[in-house]
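Contents: one structure, followed by commentary.
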Amino acid sequence: MGIHGLARLISEQAPEAIKSNEIKSYFGRKIAIDASMCIYQFMIAVRQQDGQVLQNENGETTSHLMGMFYRTVRMVDNGIKPVYVFDGKPPTLKSGELAKRKARKEEAEKKMTEANEVGTAEDVARYTKRTVKVTREHNDECKRLLKAMGIPYVEAPCEAEAQCAELAKGGKVFAAASEDMDTMTFRTPVLLRHLTYSEARKMAIEEVRLDKALEGMGIDQNQFIDLCILLGCDYTESIRGVGPKSGFNLIKEHKTIDEALKHLNPKLKAGIPVDWNYAEARELFVNPEVTPASEIDLIWNAPDIDAVLQFMVTEKGFSADRIRKGCEKLEANLKKATQTRVQDFFKVIPSAAKKDDTKRKETPGAKKGAASKRGRKK
């Protein structure tokens, strides 16, 4: 879900924080990508002419594999070195949001059934997309494909967005790529949106800089986190009647949710959720469960073309010629992506947000993520 209205609020209050770039602008950059978000996009976007998900002759869904393969080849073709980050277990506070999503999917399934009987093709396609669910099998198949392609991936102990932000803060990658704005709440210095959109959509990549957003809005990171909670996040409900502008004004004036609650008018006080757990949500953003960036090695390898062909062609039924050409392009461009940017002559220093983290207490029991271990190191 992300943060309600945050992108528009930043564009209004700190327009200098957002800029649009072509994909070629990120030549030589390492980028951490929210894998679950990507796979969900692929399941929705990669469709047959009748609006159904792409399937092979055995009736197996292959939309996610087609999207993962060709979008990754395109990124590497433009000199990007991607690393995919997969979700771990969701935090307990997210259970309410997950229950809402499940209910919406069930409602969409009912409407899809009705549309199949009496609706139009457009109705069927619309409700079919709303029933999309990414399964563990989809994730595992994408991991197998990425390993064969020589692309590293990380299994986050909890939220993928938080792990992407950790890699960016720790200097392992240039940016985190996700459509969810809460990646900024987890303090990624740079957020890229629309990176994995299809080329046919002709959508520019949106780059959002956290430091410029905070400067433009005149708030610090802790106030930004409280603002995001007020706007509405995955971990708790928001105050009924408080929107982006009023929420921003409350934080600007009172600095914290705690102080803002003391000054709400009676009408807005009536909209405060019962047993509102905003403090717990704040703690998840301040101290997310992640694997420290220093414990993760990101290694890009030459693709194992035989392994890719075995999986994508022999097992999943894709065109041998197209997959082979994609692999050859991948192999050639992974070498090209190792060419040095001017910035690489200088030592990478972790972001200021990362330095601030050392002053906070560490989350106990963080599990180490998995990353590909073969090939040349950074």
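Residue numbers (my numbering): 1267 to 1644.
Note that beta-carbon positions come from the ideal geometry of N, C-alpha and C, so glycine has one too.
Return helix, strand or coil for residue i, following the three-state DSSP convention.
| i | result |
| --- | --- |
| TYR1336 | helix |
| CYS1499 | strand |
| LYS1625 | The predicted position of LYS1625 is uncertain, since its pLDDT is 48 and thus under 50; a value taken from the coordinates is nonetheless stated next. Residue state, collapsed to three classes: coil. |
| ASN1488 | helix |
| LEU1493 | helix |
| ASN1553 | coil |
| ARG1642 | For ARG1642, the predicted structure reports a pLDDT of 40, less than 50, and the residue's modelled location is therefore unreliable. The matter cannot be settled from this model. |
| TYR1393 | Because TYR1393 sits at a pLDDT of 48, beneath the cut-off of 50, its placement in the model cannot be relied upon, and the following sentence gives the value as read from the coordinates. It is helical. |
| ASN1567 | coil |
| ILE1284 | strand |
| GLU1543 | With the sequence shown as reference, residue 1543 is identified as Asn, and Glu is not the correct amino acid for it. Looking at ASN1543 - three-state DSSP - the assignment turns out to be coil, as it is neither helix nor strand. |
| PRO1356 | coil |
| THR1451 | helix |
| ALA1536 | coil |
| HIS1529 | coil |
| PRO1510 | helix |
| PHE1577 | helix |
| SER1291 | helix |
| HIS1404 | helix |
| LYS1602 | helix |
| GLY1268 | coil |
| ASP1587 | helix |
What's the C-alpha gap between residue i and residue j?
| i | j | result |
| --- | --- | --- |
| VAL1574 | SER1464 | 22 Å |
| LEU1411 | ALA1443 | 20 Å |
| ILE1269 | THR1451 | 9 Å |
| THR1557 | PRO1357 | 15 Å |
| GLN1307 | LYS1518 | 35 Å |
| PHE1352 | PRO1532 | 43 Å |
| TYR1292 | THR1338 | 14 Å |
| GLY1294 | GLU1473 | 16 Å |
| ALA1598 | TYR1544 | 49 Å |
| GLU1407 | GLN1576 | 13 Å |
| TYR1501 | THR1580 | 43 Å |
| GLY1416 | LYS1591 | 16 Å |
| ALA1441 | GLU1326 | 34 Å |
| PRO1281 | MET1334 | 32 Å |
| ARG1274 | LEU1600 | 36 Å |
| ASP1587 | ILE1310 | 25 Å |
Using the rule of at least 16 other Cβ atoms within 10 Å of the residue's Cβ for burial, across every protein chain shown, is residue i buried or exposed?
| i | result |
| --- | --- |
| ARG1402 | exposed |
| HIS1529 | exposed |
| GLN1489 | buried |
| ASN1515 | exposed |
| MET1469 | exposed |
| THR1454 | buried |
| GLY1683 | For the chain, the structure presents residues 1267 to 1644; residue 1683 sits outside this window and is missing. |
| MET1329 | Note that residue 1329 is Ser in the sequence shown here, rather than Met. Under this definition SER1329 is a buried residue. |
| LYS1355 | exposed |
| LYS1602 | exposed |
| LYS1409 | buried |
| SER1504 | buried |
| LEU1364 | Residue confidence for LEU1364 is low, a pLDDT of 45 falling below 50, so the modelled location carries little weight; the figure read from the coordinates is stated next. The residue in question, LEU1364, is exposed, as its Cβ has fewer than 16 Cβ neighbours within 10 Å. |
| GLN1321 | exposed |
| SER1286 | exposed |
| PRO1510 | buried |
What does residue i pair with, by DSSP beta-bridge criteria?
| i | result |
| --- | --- |
| PHE1440 | BP columns for PHE1440 are empty, so no partner. |
| PRO1348 | ILE1297 |
| THR1327 | GLN1321 |
| VAL1459 | For the record, residue 1459 in the displayed sequence is Arg; it is not Val. In the DSSP output, where bridge partners are listed per residue, ARG1459 has GLU1472. |
| VAL1420 | VAL1351 |
State the CB to CB distance for the pair residue i and residue j, rounded to an integer number of angstroms; the pair is presumed to be in contact (CB under 8 Å).
| i | j | result |
| --- | --- | --- |
| ILE1276 | ILE1284 | 6 Å |
| ALA1298 | VAL1342 | About 15 Å; that fails the 8 Å criterion. |
| THR1462 | CYS1304 | 5 Å |
| LYS1347 | TRP1566 | 6 Å |
| LEU1496 | LEU1272 | About 11 Å; that fails the 8 Å criterion. |
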